[in-house]
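For what it's worth, numbering that gives the first Met the number 0 labels the leading residue of the sequence shown as 0, then goes sequentially. Cβ coordinates follow ideal geometry from the N, Cα and C atoms, glycine included. Working notes, beginning with the structure itself.
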Amino acid sequence: MKNKGNLGKSTEAIHAGETVSKQTTGTLDNPSGKTGIPLLPPIYQNSTFSFQTADECASAFIDEESGYVYTRWGNPTQEALERKLAALEAGEAALATASGMGAISTALLTALVDGGHVVAMDNLYSATYNLLNDELCRMGVETTFVDATDTNNVANAIRPDTRVLYLESPTNPLLKLIDLSACADIAKMHGITSIIDNTFATPCSQQPITLGIDVVLHSMTKYLSGNGAVIAGAIVGNKEFIERAQKVTLRNFGAAISPFNAWLTLLGIPTLPLRFTRHCENALEIASFLETHPAVAWVRYPGLVSHPQHNLAKKQMDGYGGMITIELEGGSAAGEQLVNHLQLCTLAVSLGDVRTLVCHPASTTHSHVPKDVRQKTGITDGLVRFSIGLEDKEDIIADLQQALDKLPA
């Protein structure tokens, strides 16, 4: 590892996790002896690794630090990505996974070694909610969902058998914020593992581990890769947790990232700070525009003074992200008409892309969450979520203007 000291975000995104070598590192061996080090990490697109002798192979199974065995167990391309992720999130170690949900399920199964109870934010990504409420419940894990914007609710929900505090901030799709330091203190007081999905914020906006959170998750499908071509996830935490997640949970449940997706993500991360700055700049101006349009009932964006937790956003975030949520005056019908009238913005359910994406959570991302649960947490039928892209903001605003102007008064 290069010892580069306290570097800026862009420098770190480009250089963090790189290995220093005077030898050619393009292959695991270099029989030709030719000089020249690959500027980009190579793709080791293979499922397994060979050995010269039986003793060498046996040693790799006993001492995994001595060699690679099988890509589900570890791969040089994957490890290059993991070193960079750990540095970006100020963690001791990281584990790349096959998807964001692969990261979430692997982290939860690792933390819930003896079952137990979970306290979770009540406004979560729908697949996370379903995992906690349905799948883990079938395995005997009980989850209490609370409005974690009030930390008293978190403290009051903890039981003797609580093992995990699970959070998002900003939340999906309502963009609520959690006081991460306060929640981390509560978790530490009770000896439970705090976990946060940091996908919306990215390490460019906040590093939860520096605020006391134990484990950070990402869907690298989104901002970290930034190209809309990858499905991948990440877990960052202390070495003990990551080693258990890798050698036990991931190895047995199989959510291993492909070397190609790891490599594509490695290509995306160096531009993350630059992209994220543009996402934030565009989103703030577009959110300000949306607040002025009569067809919009309200706008949620952490960078707006009107956001209920704007002061918390200023305290714990460095940049407010590219996500905007609005409520339309015309409800569900207006939401459907809006997305049908858009010409530049793209109807798609992902986020963090270079393109501006729009979705209607009640009928798409959160359609499998029971309607009463959705409405209780504020996900109404008139809610529309925008992932603001990198286009010229004037063009995004013009598209939104023409689409909103077509809605019934």
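Query	Result
Distance between V229 and T396 (C-alpha atoms, nearest Å)	In the sequence as presented, Thr is not what sits at residue 396; that position holds Ile. Near 28 Å, if we compare the C-alpha coordinates of V229 and I396.
Closest Cα partner of V368 within the set L123, A106, G114 and I36	L123
Three-state class that DSSP yields for T24 in the structure shown	Residue confidence for T24 is low, a pLDDT of 43 falling below 50, so the modelled location carries little weight and cannot support an answer.
Coil, strand or helix - K221 by DSSP	coil
Sequence-distant residues of the same chain with beta carbon closer than 6 Å to I185, five excluded per side	V153 and A154
N-terminal and C-terminal residue of the beta strand (DSSP E) that T143 is part of	E141 to V145
Proximity winner among K246, G139 and I103, relative to D62 (alpha-carbon distances)	K246
Buried or exposed by the 16-neighbour rule on C-beta atoms within 10 Å, applied to D404	exposed
Sheet register partners of T192 (DSSP bridge)	V163
Sub-8 Å separation of I387 and I323 beta-carbons	yes
Residue(s) in a DSSP beta bridge with S331	Looking at the DSSP assignment, S331 forms no beta bridge with any residue, so it has no partner.
Segment contact flag, the stretch 347-363 with the stretch 208-228, C-beta cutoff 8 Å, min 3 pairs	yes
For R299, the first and last residue of its enclosing beta strand (DSSP E)	V295 to R299
Run of the alpha helix (DSSP H) containing V153, from where it starts to where it stops	T150 to A156
Separation of Q374 from L38, as counted between CA atoms	51 Å
Bounding residues of the alpha helix (DSSP H) (the contiguous stretch that carries L94)	Run containing L94: none in the alpha helix (DSSP H); it sits in the beta strand (DSSP E), A92 to T96.
For A200 and P172, believed in contact at Cβ under 8 Å, the rounded distance	Their Cβ separation, rounded to whole angstroms, is 14 Å, which puts P172 and A200 out of contact at 8 Å.
Residue closest to C203, alpha-carbon to alpha-carbon, out of A361, L166 and Q315	Q315
Whole-number beta carbon distance between T248 and T109, since they are thought to touch under 8 Å	5 Å
Option nearest A89 by Cα separation, candidates I194, G115 and V235	V235
Among G320, N45, C344 and E17, nearest to P272 - alpha-carbon criterion	G320
Those residues which DSSP pairs with F385 across a bridge	I323 and V357
For Y124, three-class secondary structure by DSSP	coil
Neighbour-count burial assignment, K21, 16 or more Cβ in a 10 Å radius	Unreliable placement is indicated for K21, whose pLDDT of 38 sits below 50; the coordinate value is still reported in the next sentence. It is exposed - the Cβ of K21 has fewer than 16 other Cβ atoms within 10 Å.
Spatial distance of D178 from S65 (CA atoms)	42 Å
Buried or exposed by the 16-neighbour rule on C-beta atoms within 10 Å, applied to A57	exposed
Three-pair Cβ contact test at 8 Å for the stretch 89-100 versus the stretch 140-153	no
Element boundaries [beta strand (DSSP E), containing G211]	Note, G211: premise wrong, no beta strand (DSSP E); not H, not E.
Proximity below 8 Å, CB of A231 to CB of I256	yes
For V247, three-class secondary structure by DSSP	helix
Proximity winner among T276, R137, M138 and I103, relative to E167 (alpha-carbon distances)	I103
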